[in-house]
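For reference, the structure is listed below as structure tokens.
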Amino acid sequence: MDIEEGTPPQRLRALPSRLTNQAALAANRIVDRALAEAGVRRYHYALLAASEEYGPSSQAALGRRTGIDRSDMVATVNDLAERRLLDRAPDPEDRRRNIISITAAGRRELAHLDDLLAAAQDEFLAPLRAADRRTLTDLLTRLVDHHRGDPG
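Numbered as in UniProt numbering, the sequence shown ends at 152 without a single skipped number.
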């Protein structure tokens, strides 16, 4: 019996949960490498994307929308504000709260990051045809929505 040393047992290779995890590890490496080219991390992209899509929002609301922890949120907002990609201003209705909004430079950076991530998705999904990519995205969306408790 000639089995390559790095080959996991068939039982493991047949587990969808393990396969999903292995694919996610590869995807994360590819995405992290693409974002690093631009000097950003996933939190930066998530915050810019949420700010662009939802408009001016409190840090707390953006944190809930992106799943970024409060302590990480402050550091990420600070970093993006220093780069002038986000603007932070006191909320006129509650001066204890900050309102975060994306700047014109932030929109340009987000468009650039979208291009980098599109290329990263192509790299990750390279062995799949377009129809298979759509099917995979649909299946993963259904799984995520189900386990998050979203009806669908």
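Glycine is no exception: its CB is placed at the ideal position from the N, C-alpha and C atoms.
Quick one: give me the first and last residue of the beta strand (DSSP E) that residue i is part of.
i: residue 90; result: 86-91
In the DSSP assignment, the alpha helix (DSSP H) including residue i goes from what residue to what residue?
i: residue 13; result: 10-13
i: residue 63; result: 59-66
i: residue 134; result: 130-148
i: residue 18; result: 16-37
Could you compute how far the alpha carbon of residue i sits from the alpha carbon of residue j?
i: residue 128; j: residue 141; result: 17 Å
i: residue 6; j: residue 28; result: 21 Å
i: residue 42; j: residue 22; result: 19 Å
i: residue 54; j: residue 98; result: 15 Å
i: residue 109; j: residue 11; result: 44 Å
i: residue 146; j: residue 70; result: 26 Å
i: residue 114; j: residue 13; result: 33 Å
Just list the residues that DSSP pairs residue i with in beta bridges.
i: residue 94; result: 91
i: residue 71; result: According to DSSP, residue 71 bridges with nothing at all.
i: residue 101; result: 87
Within its chain, find whatever has a CB closer than 6 Å to the CB of residue i; leave out the 5 residues flanking it on each side and keep chain order.
i: residue 30; result: 120, 123 and 124
i: residue 106; result: 48, 85 and 86
i: residue 75; result: none
Closer than 7 Å by C-beta to residue i: which residues in its own chain qualify, once you throw out the five before and the five after it? Chain order, please.
i: residue 34; result: 116, 117, 119 and 120
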